[in-house]
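Heads up: the structure comes next, in structure tokens.
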Amino acid sequence: MKITVVCGNGLGTSLMMEMSIKTILKDLQVSADVDHVDLGSAKGTASDIFVGTKDIAEQLVAQQVDGEIVALENMIDKVAMKEHLSVALRKLGAL
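Residue numbers (the UniProt record's numbering): 1 to 95.
Given below as structure tokens:
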């Protein structure tokens, strides 16, 4: 299982979300590789799940990335992040 966190520049925002996602995965007892990239690199990145804020997720849809897309309204809301990520993990059979 590979999860890629995407933001505009692949620096601060995606790194913060990556750290939160790793904690959530540990709580859910799901094993996955988690990495972060900038929006321009996302299309060429193989991943099962892409996570980004709502505006980034819309751009990922437009780029037609190959993977589930998790759109977050608020990147610091860990409860909502866990809920949205759990839906994608269940869909892929990882949870």
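Each residue gets a CB set at the ideal place from its N, CA and C atoms; glycine is no exception.
Computed from a predicted model, the values in this text were never measured in an experiment.
{"Asked": "Taking the alpha carbon of K91 as the reference point, which residue from G12, A80, V79, V70 has its own alpha carbon closest?", "Found": "V70"}
{"Asked": "Three-state secondary structure (DSSP) at V51?", "Found": "strand"}
{"Asked": "As an exercise, report each continuous alpha helix (DSSP H) stretch of at least 4 residues that is fully enclosed by the UniProt domain \"PTS EIIB type-2\" (1-93), in chain order.", "Found": "12-28, 39-42, 54-63, 78-91"}
{"Asked": "To the nearest angstrom, how far is the alpha carbon of D48 from that of K26?", "Found": "18 Å"}
{"Asked": "Confirm, please, whether the CB-CB distance from K78 to A32 is below 8 Å.", "Found": "no"}
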